[in-house]
Amino acid sequence: MDGFTLRHLALAVALSSSMGVAFAATSNDFVDDAAAGGIAEVETSKLALEKSSSADVKAFANMMITDHTKANEELAALAKKNDIKVPDDTTLVKQAKEKILDMRDESFDAAYANNQVKAHEETIARFKKEADTVTDDKVKGATELKGFAQKMLPALEKHLEMAKKLQAAHPSK
29 MDGFTLRHLA LAVALSSSMG VAFAATSNDF VDDAAAGGIA EVETSKLALE
79 KSSSADVKAF ANMMITDHTK ANEELAALAK KNDIKVPDDT TLVKQAKEKI
129 LDMRDESFDA AYANNQVKAH EETIARFKKE ADTVTDDKVK GATELKGFAQ
179 KMLPALEKHL EMAKKLQAAH PSK
């Protein structure tokens, strides 16, 4: 983590959204997108624990690590059960770290808060699309993935609400 200085943290949309910019068109795309976004949430939050000195940022980061790790494990189990291939965690972590962009005039805390708002807005949109999809019973796991998306939406919306409060407490300069 030595190369991650305050000037070189990405945090923003880079992590959670650019690994799957297009909305999920198929169940496999949704799984890939959700897995990549979940890993990105965990990785940026680990970085927040390391770099932030703000208690509220650290508390939020700990919640993101716990919640997204649990969701990632549930998604991986669902994918395995339905023979849906998911990139391994090592690959996803590597992709997340490669997406870290240059920060300019934001403090770490502001960048992290801004990232969390944008990432959760985009994740919610992806999950709503999956949750509202008419399932094709011929696609293995489609109904379960729709259920997973529906189940995760309330927690994601709660995360967004909390991220907006964090953003208000740590405004960009």
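In this text, residue positions in the sequence shown follow this note's numbering: the first is 29, and each later residue adds one. Cβ coordinates follow ideal geometry from the N, Cα and C atoms, glycine included. All figures in this text were calculated on a predicted structure; none of them were measured in a lab.
**Request:** Go through its chain and collect everything with a Cβ distance to aspartate 95's Cβ below 8 Å, but skip five positions before and after it.
**Result:** Here the question's residue 95 lines up with position 67 in the sequence shown. In the same chain as aspartate 95, and ignoring 5 residues on each side of it, the C-beta atoms closer than 8 Å to its own belong to Ala183, His187, in chain order.
**Request:** Report yes if the C-beta distance between glutamine 178 and alanine 147 is below 8 Å; otherwise report no.
**Result:** Along the sequence shown, one-based indexing puts residue 178 at 150. Along the sequence shown, one-based indexing puts residue 147 at 119. Taking 8 Å as the Cβ cut-off, glutamine 178 and alanine 147 do not qualify as a contacting pair.
**Asked** Can valine 85 and leucine 194 be called in contact, C-beta distance under 8 Å?
**Response** Counting from one through the sequence shown, the residue named residue 85 turns up at place 57. Counting from one through the sequence shown, the residue named residue 194 turns up at place 166. Cβ atoms of valine 85 and leucine 194: closer than 8 Å.
**Prompt:** Exposed or buried, which one is glutamate 78 when buried takes at least 16 other CB atoms within 10 Å?
**Reply:** As a working note, residue 78 is residue 50 in the sequence shown. So glutamate 78 counts as exposed.
**Message:** Please state whether the Cβ-Cβ distance between glycine 66 and asparagine 100 is less than 8 Å.
**Reply:** In the sequence shown, residue 66 corresponds to position 38, counting from 1. In the sequence shown, residue 100 corresponds to position 72, counting from 1. Asparagine 100 sits close to glycine 66, with the two beta carbons spaced by under 8 Å.
**Message:** Once the 5 residues before and after histidine 198 are set aside, which same chain residues still bring their CB inside 6 Å of it?
**Reply:** Here residue 198 refers to the residue found at position 170 of the sequence shown. Here the set comprises Asp137, Ala138, Ala141.
**Message:** Quick check: the Cα distance between threonine 118 and glutamate 102, rounded to an integer number of angstroms?
**Reply:** In the sequence shown, counting from the first residue as 1, residue 118 sits at position 90. In the sequence shown, counting from the first residue as 1, residue 102 sits at position 74. About 17 Å.
**Request:** Select from Ala170, Asp60, Lys108, Gln144 the residue whose C-alpha is nearest the C-alpha of glutamate 71.
**Result:** Working through the sequence shown from its first residue, we reach residue 71 at position 43. For glutamate 71, the nearest C-alpha among the options comes from Gln144.
**Message:** If you reduce the DSSP assignment to three classes, tell me which class glutamate 66 lands in.
**Reply:** In the sequence shown, residue 66 corresponds to position 38, counting from 1. In the sequence as displayed, the identity of residue 66 is glycine instead of glutamate. Helix, per DSSP.
**Spatial distance of valine 162 from lysine 174 (CA atoms)** = Mapped onto the sequence shown, residue 162 falls at position 134. Mapped onto the sequence shown, residue 174 falls at position 146. Distance between the alpha carbons of valine 162 and lysine 174 is about 9 Å.
**Asked** Expressed to the nearest angstrom, what Euclidean distance is found between the alpha-carbon atoms of alanine 40 and alanine 191?
**Response** For the purposes of this step, residue 40 is taken as the residue at position 12 of the sequence shown. For the purposes of this step, residue 191 is taken as the residue at position 163 of the sequence shown. For alanine 40, the predicted structure reports a pLDDT of 33, less than 50, and the residue's modelled location is therefore unreliable. A value from the coordinates is still provided. If you take the alpha carbons of alanine 40 and alanine 191, they lie about 13 Å apart.
**Item:** Contact under 8 Å by Cβ, lysine 201 with serine 135
**Value:** As a working mapping, residue 201 is identified with position 173 in the sequence shown. As a working mapping, residue 135 is identified with position 107 in the sequence shown. With contacts defined as CB atoms closer than 8 Å, lysine 201 and serine 135 qualify as a contacting pair.
**Item:** Sub-8 Å separation of glutamate 69 and methionine 92 beta-carbons
**Value:** Within the sequence shown, the letter at position 41 stands for residue 69. Within the sequence shown, the letter at position 64 stands for residue 92. Against a cut-off of 8 Å, the Cβ pair of methionine 92 and glutamate 69 comes out as a contact.
**Asked** In angstroms, rounded to a whole number, what distance separates the CA positions of threonine 97 and lysine 156?
**Response** Sequence index remark: in the sequence shown, residue 97 carries index 69 (1-based). Sequence index remark: in the sequence shown, residue 156 carries index 128 (1-based). Answer to the nearest angstrom: the Cα atoms are 20 Å apart.
**Message:** Extract the residue ranges of the beta strand (DSSP E) inside the segment 133–170, only unbroken runs of 3 or more that lie entirely within it.
**Reply:** none
**Request:** Would you decide whether glutamate 189 is buried or exposed? Buried here means 16 or more other CB atoms lie within 10 Å of its CB.
**Result:** Locating residue 189 in the sequence shown gives position 161, where the first residue counts as 1. With fewer than 16 other Cβ atoms from the protein chains shown falling within 10 Å of its own Cβ, glutamate 189 counts as exposed.
**Residue nearest to alanine 153 in terms of C-alpha spacing, selected from Glu172, Asp116, Ala170, Leu181** = Within the sequence shown, numbered from 1, the residue matching residue 153 stands at position 125. The shortest Cα separation from alanine 153 among Glu172, Asp116, Ala170, Leu181 belongs to Leu181.
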